[in-house]
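Chemist: These protein sequence lines are chains E and L, in that order.
The opening position of the first sequence corresponds to residue 1 in my numbering, with each subsequent residue numbered one higher.
The opening position of the second sequence corresponds to residue 293 in my numbering, with each subsequent residue numbered one higher.
C-beta: ideal position from N, C-alpha, C; glycine also.
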Amino acid sequence: MADTHNKEVDQISGVETTGHEWDGLKELNNPLPKWWLYIFYATVVWAVIYWVLYPSWPLVSSYTKGVLGANQRQEAIAAYDKGVADRSEFADKIVATSLEDITKDQELLQFALANGQAAFGDNCAPCHGAGGTGSEGYPNLQDDTWIWGGTLDDIHTTLLYGIRSDSDDARIGDMPAFGADELLSKEEIDQVANFVASRAGVETDEGIDLAAGQVLYEDNCAACHGDNLEGIQEVGAPSLMSANYLYGNSLDDIRAQIANPRNGVMPGWAERLDPATVKSLTVYVHSFGGGQ
Amino acid sequence: MSADTETHEGEHSEEWFASAKKIYPMATHGLFRRIKWTLLFITLGIYYFLPFIRYDRGPNAPDQAVLIDMEHRRAYFFFIEIWPQEVYYLTGLLIIAAVALFLMNAVAGRIWCGYLCPQTVWTDLFLWVERKIEGDRRERIALDKDPWTFEKVGKRATKHFFWLMIAWWTGGAWVLYFNDAPTLVWQLLTFQAPMVAYVWIGILTATTYLLAGFMREQVCIYMCPWPRIQAALTDEKALNVTYRWDRGEPRGSLKHNKKLEAQGLPAGDCIDCFQCFQVCPTGVDIRKGMQLDCIQCGLCIDACDNIMTKIGKPTGLIAYDTDENIERRLEGKEPVYEIVRTRTVIYAAVIALVGAIMLFALLNRDFADISVLHDRNPVFVEQSDGSVRNGYTVRLSNKRRHPRSFMLHVEGMPPNTLVEAVGADSTFAGRPIVEVGPDTTREVRVLVSSPPEAEMPHSTPVVFRITESVMGEVVTAKDTFKAPDKP
Numbered sequence: 001m002a003d004t005h006n007k008e009v010d011q012i013s014g015v016e017t018t019g020h021e022w023d024g025l026k027e028l029n030n031p032l033p034k035w036w037l038y039i040f041y042a043t044v045v046w047a048v049i050y051w052v053l054y055p056s057w058p059l060v061s062s063y064t065k066g067v068l069g070a071n072q073r074q075e076a077i078a079a080y081d082k083g084v085a086d087r088s089e090f091a092d093k094i095v096a097t098s099l100e101d102i103t104k105d106q107e108l109l110q111f112a113l114a115n116g117q118a119a120f121g122d123n124c125a126p127c128h129g130a131g132g133t134g135s136e137g138y139p140n141l142q143d144d145t146w147i148w149g150g151t152l153d154d155i156h157t158t159l160l161y162g163i164r165s166d167s168d169d170a171r172i173g174d175m176p177a178f179g180a181d182e183l184l185s186k187e188e189i190d191q192v193a194n195f196v197a198s199r200a201g202v203e204t205d206e207g208i209d210l211a212a213g214q215v216l217y218e219d220n221c222a223a224c225h226g227d228n229l230e231g232i233q234e235v236g237a238p239s240l241m242s243a244n245y246l247y248g249n250s251l252d253d254i255r256a257q258i259a260n261p262r263n264g265v266m267p268g269w270a271e272r273l274d275p276a277t278v279k280s281l282t283v284y285v286h287s288f289g290g291g292q
Numbered sequence: 293m294s295a296d297t298e299t300h301e302g303e304h305s306e307e308w309f310a311s312a313k314k315i316y317p318m319a320t321h322g323l324f325r326r327i328k329w330t331l332l333f334i335t336l337g338i339y340y341f342l343p344f345i346r347y348d349r350g351p352n353a354p355d356q357a358v359l360i361d362m363e364h365r366r367a368y369f370f371f372i373e374i375w376p377q378e379v380y381y382l383t384g385l386l387i388i389a390a391v392a393l394f395l396m397n398a399v400a401g402r403i404w405c406g407y408l409c410p411q412t413v414w415t416d417l418f419l420w421v422e423r424k425i426e427g428d429r430r431e432r433i434a435l436d437k438d439p440w441t442f443e444k445v446g447k448r449a450t451k452h453f454f455w456l457m458i459a460w461w462t463g464g465a466w467v468l469y470f471n472d473a474p475t476l477v478w479q480l481l482t483f484q485a486p487m488v489a490y491v492w493i494g495i496l497t498a499t500t501y502l503l504a505g506f507m508r509e510q511v512c513i514y515m516c517p518w519p520r521i522q523a524a525l526t527d528e529k530a531l532n533v534t535y536r537w538d539r540g541e542p543r544g545s546l547k548h549n550k551k552l553e554a555q556g557l558p559a560g561d562c563i564d565c566f567q568c569f570q571v572c573p574t575g576v577d578i579r580k581g582m583q584l585d586c587i588q589c590g591l592c593i594d595a596c597d598n599i600m601t602k603i604g605k606p607t608g609l610i611a612y613d614t615d616e617n618i619e620r621r622l623e624g625k626e627p628v629y630e631i632v633r634t635r636t637v638i639y640a641a642v643i644a645l646v647g648a649i650m651l652f653a654l655l656n657r658d659f660a661d662i663s664v665l666h667d668r669n670p671v672f673v674e675q676s677d678g679s680v681r682n683g684y685t686v687r688l689s690n691k692r693r694h695p696r697s698f699m700l701h702v703e704g705m706p707p708n709t710l711v712e713a714v715g716a717d718s719t720f721a722g723r724p725i726v727e728v729g730p731d732t733t734r735e736v737r738v739l740v741s742s743p744p745e746a747e748m749p750h751s752t753p754v755v756f757r758i759t760e761s762v763m764g765e766v767v768t769a770k771d772t773f774k775a776p777d778k779p
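1) For Arg-579 of chain L, which residues in the same chain have their Cβ closer than 6 angstroms to its Cβ, ignoring the five residues on either side in sequence?
2) Kindly say whether Ser-676 of chain L, judged by its beta-carbon, lies nearer than 7 angstroms to any beta-carbon of chain E.
3) Do the stretch 259 to 273 of chain E and the stretch 159 to 169 of chain E touch if we need at least three Cβ pairs shorter than 8 angstroms?
4) Val-767 of chain L and Tyr-684 of chain L - do their beta-carbons sit closer together than 7 angstroms?
5) Relative to the C-alpha of Lys-279 of chain E, which residue among E:Ser-56, E:Thr-97 and E:Ile-12 is closest?
6) Quick check on DSSP: helix, strand or coil for Pro-776 of chain L?
7) So, at 8 angstroms on beta carbons, what are the nonlocal neighbours of Thr-732 of chain L in its own chain, with the 5 sequence-adjacent residues on each side left out?
8) Short check: CB of Asn-669 of chain L to CB of Ala-130 of chain E, under 7 angstroms?
9) Work out the CA separation of Ser-242 of chain E and Gly-289 of chain E for me, nearest whole Å.
10) Would you mind reading off the limits of the alpha helix (DSSP H) that contains Lys-279 of chain E?
11) I'd like to know whether the C-beta of Phe-569 of chain L is nearer than 7 angstroms to at least one C-beta of chain E.
12) Based on Cα-Cα distance, which residue from E:Asn-260, E:Thr-277, E:Asn-244 and E:Pro-261 lies nearest to Ser-676 of chain L?
13) Do you know offhand how far Asn-140 of chain E's Cα is from Thr-719 of chain L's?
14) Taking the straight line between their C-alpha atoms, what separation do you get for His-809 of chain L and Val-664 of chain L?
15) Looking at chain L, which residues of the stretch 121 to 146 of chain E have a Cβ within less than 9 angstroms of any of its Cβ atoms?
16) At least one CB of chain L closer than 7 angstroms to the CB of Lys-34 of chain E: is that the case?
17) What is the DSSP secondary structure of Ser-305 of chain L, counted as helix, strand or coil?
18) Does Ala-716 of chain L get closer than 7 angstroms to chain E when you measure Cβ to Cβ?
19) Between which two residues does the alpha helix (DSSP H) holding His-452 of chain L run?
20) Return yes when the Cβ of Val-740 of chain L is within less than 7 angstroms of the Cβ of Asn-682 of chain L, no when it is not.
21) Helix or strand or just coil, what does DSSP make of Ala-367 of chain L?
22) Are the CB atoms of Tyr-138 of chain E and Cys-124 of chain E nearer to each other than 7 angstroms?
23) Let's test the definition: count the other Cβ atoms within 10 Å of the Cβ of Arg-325 of chain L and tell me whether it reaches 16, buried, or not, exposed.
24) Going along chain L, which residues have a C-beta under 8 angstroms from Ser-242 of chain E?
25) Please classify Ile-334 of chain L as buried or exposed, where buried requires at least 16 neighbouring CB atoms within 10 angstroms.
26) When you compare the CB positions of Met-699 of chain L and Ile-662 of chain L, do they come within less than 7 angstroms of one another, or not?
27) Of the choices E:Gly-83, E:Asp-253 and E:Glu-107, whose alpha-carbon is the least far from that of Ile-94 of chain E?
28) Which of helix, strand or coil does DSSP assign to Glu-187 of chain E?
29) Could you spell out the range, first to last residue, of the alpha helix (DSSP H) harbouring Arg-326 of chain L?
30) Do you know how far the Cα of Ala-276 of chain E is from the Cα of Asp-190 of chain E?
31) How far does the alpha helix (DSSP H) with Thr-636 of chain L in it extend, from its first residue to its last?
32) Residues in its own chain within less than 8 angstroms of Phe-454 of chain L by CB, not counting five upstream and five downstream?
33) With a 10 Å radius around its C-beta and 16 neighbouring C-beta atoms as the bar for buried, classify Thr-574 of chain L as buried or exposed.
34) Quick one: which residues of the stretch 29 to 57 of chain E get their C-beta closer than 8 angstroms to a C-beta of chain B? List them in chain order.
35) Buried or exposed for Leu-651 of chain L, going by 16 or more other Cβ atoms inside 10 Å?
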């Protein structure tokens with residue numbers, strides 16, 4: 001520590017130095033006003049008061065709680081509850097209004113879209129993707145291909161009761177397992193698969209009797225998928241006209257789906273989500289643009 | 293730590309912090325004092341009464357000329373209405389304010405500090421109250437030394453009462469800028485005002501009372517950054533409150549200097565009367581030259597001029613002058629005053645430029661706005677008929693006070709492109725019409741589908757154009773239409 005007893009006065013400014021020197025530079029002692037120091041003390045006192053009032057010091061397995069009982073977690077829960085309560089006014093209106101009318105009411109539409117977007121992210125996105133584009137086995141909700149219908153009411157029903165779900169009102173439509181249940185031989189499956197592929201614009205194997213495939217189609221498939229492969233929405237039989245298949249677009253995929261088909265399940269949401277949210281989801285999914 | 297060291301440390305803190313020396317500025321009169329009073333009346337008049345000025349904006353709009361409406365996120369200044377996204381107007385104002393400060397400094401030093409700064413204005417007002425109640429400099433010094441008599445307590449109590457009244461009024465005026473003033477005044481009088489109003493009044497009462505009553509020059513010397521900045525900005529041609537030492541030195545008492553003069557020895561005009569020091573609100577001796585503590589209010593000029601007149605010497609021993617002129621006079625040259633010089637021209641030009649840009653922006657301010665956000669997921673959707681669809685989130689703003697309809701058109705797409713807006717109120721010739729409420733925004737989802745027969749390139753620049761239905765106001769926004777990358 002520098003010797004402060006030997007006070008030195010700077011010749012130019014006439015100010016005493018502190019006696020601190022670095023490489024020949026000497027620090028002048030221009031005293032700060034005392035109130036500056038007192039404000040510093042005041043901040044120290046403030047900190048101590050804060051420790052007493054609010055949660056502050058970490059302990060081994062807990063922390064000091066503070067006498068005010070402030071708790072940000074509870075504040076967040078209270079804010080959430082308030083948000084739900086504030087929303088209930090709109091939610092009630094959504095329940096009372098028909099889907100068609102919701103889309104015509106600026107305010108309700110805005111609420112339904114926002115509410116639907118949030119619910120979609122929480123409940124639907126894991127399978128259908130954040131943007132609703134789906135993936136193999138999980139339908140794309142953005143495009144205009146709807147297995148069970150893309151009107152507001154169709155979407156609403158699918159959302160409420162699901163597809164092949166536990167619900168009594170679930171949409172049921174089973175593709176028979178033509179191979180596994182030995183309804184068709186391996187060769188016949190090959191012929192039908194190639195026939196369908198040829199109509200959907202998928203590359204086919206060479207040397208296959210497509211005419212035989214067509215006969216097989218008419219006998220086994222047309223009842224559900226239609227005479228012209230256009231599909232029948234009521235039974236959930238998708239159109240086979242274009243290669244836009246839920247379970248893959250290659251010839252192998254088509255063959256596999258005939259021989260031992262996958263029948264995917266969509267859960268019903270009537271018992272998991274409140275009616276206003278299901279309706280909001282309906283409007284939101286419809287707004288993707290593919291809705292009919 | 294030994295006891296010895298502790299005493300050592302103790303000695304340090306004694307020296308490193310000093311009690312602020314109390315300043316007792318004396319009253320003076322003269323040109324600059326009159327300017328200061330005038331500016332004080334104008335600035336405080338504006339501050340206290342501006343919120344009460346009405347300005348008719350028609351129905352559904354506040355009629356307060358200057359209002360910052362936090363709740364509805366709008367700021368009003370007479371005919372100007374600012375939305376939160378237009379806060380760049382404020383940026384422009386701040387740029388102008390900063391450069392105006394530079395310009396003032398290049399022309400005449402710290403005239404902001406000396407005449408216009410709120411700290412100066414309120415301190416001046418508080419000093420006036422203090423002087424009216426406790427008397428001028430000598431009486432106040434004496435009163436401080438007096439024992440606590442009944443009279444002293446009375447004077448002090450009166451002073452603090454009036455100080456607090458002014459401080460309260462200051463805080464009260466502040467909150468009026470954020471609410472309808474007459475309504476809030478009534479609410480305050482009947483104790484029905486929102487809590488936040490009382491809290492802000494409390495905060496500003498406290499700061500006004502403390503800063504103008506007690507901190508005063510300490511704010512300028514220790515808290516304000518401007519003295520440091522201005523010291524770096526000034527030059528030898530800037531007018532500053534200057535003691536003309538070329539004329540004043542060697543100083544001496546009137547008698548002493550007269551004696552010197554009689555003997556033919558050099559004698560300055562400064563008679564060392566300390567009037568300049570005693571009237572100074574920051575306790576500066578201007579004769580030491582320009583210094584950080586000096587706010588350049590010019591009161592020492594008034595004080596010195598009064599003395600010079602009394603002793604029959606020309607006024608202006610302390611005056612607004614430049615460093616350059618002192619040198620010139622010492623060399624026997626005429627003083628020069630160059631207000632128009634490179635830096636003042638540049639500052640003025642910057643102010644004019646920013647002002648012109650802001651004025652242009654303001655006069656051409658759109659009363660409708662559109663912003664377009666392309667869907668990220670999915671970027672595009674292929675439809676079963678071969679067409680491609682893109683989704684956009686479009687936000688329309690209506691800055692008028694009545695509901696308006698906008699027709700949406702997407703340019704740059706092939707003919708027979710389908711444009712849909714989810715929630716559109718109607719369509720005209722295939723173009724969606726969207727109604728937006730008064731003074732608000734509306735978000736719609738817009739779906740653009742290319743015709744099935746069109747071969748769309750990977751990316752097509754498009755322009756979203758909205759046309760207002762009555763006045764035909766047009767606003768556009770650019771975006772792109774994406775399609776699959778076909779080999």
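Modeler: So, to answer that:
1) Tyr-535
2) yes
3) yes
4) no
5) In this structure, E:Thr-97 is the residue among E:Ser-56, E:Thr-97 and E:Ile-12 with its C-alpha nearest to the C-alpha of Lys-279 of chain E.
6) coil
7) Ser-689 and Asn-690
8) yes
9) When the Cα atoms are used, Gly-289 of chain E and Ser-242 of chain E turn out to be separated by approximately 20 angstroms.
10) 275 to 287
11) no
12) E:Asn-244
13) 28 angstroms
14) This structure does not reach residue 809 of chain L, given that chain L is present from 293 up to 779, and the question cannot be answered.
15) Gly-129, Ala-130, Gly-131, Gly-132, Thr-133, Asn-140, Gln-142, Asp-143, Asp-144 and Thr-145
16) yes
17) Its pLDDT being 43, under 50, Ser-305 of chain L is placed unreliably by the model, and the measurement read from it follows with that caveat. Ser-305 of chain L falls in the helix class under three-state DSSP.
18) no
19) 442 to 468
20) yes
21) strand
22) No. Outside cutoff.
23) Here Arg-325 of chain L is buried, its C-beta having at least 16 other C-beta atoms within 10 Å.
24) Ser-676
25) exposed
26) no
27) The shortest Cα separation from Ile-94 of chain E among E:Gly-83, E:Asp-253 and E:Glu-107 belongs to E:Glu-107.
28) In the three-state reduction of the DSSP assignment, Glu-187 of chain E falls in the helix class, which pools H, G and I.
29) Where Arg-326 of chain L is concerned, the enclosing alpha helix (DSSP H) stretches over 323 to 341.
30) 48 angstroms
31) 634 to 655
32) Val-421 and Ile-425
33) buried
34) You won't find chain B in this structure, because its protein chains are E and L.
35) exposed
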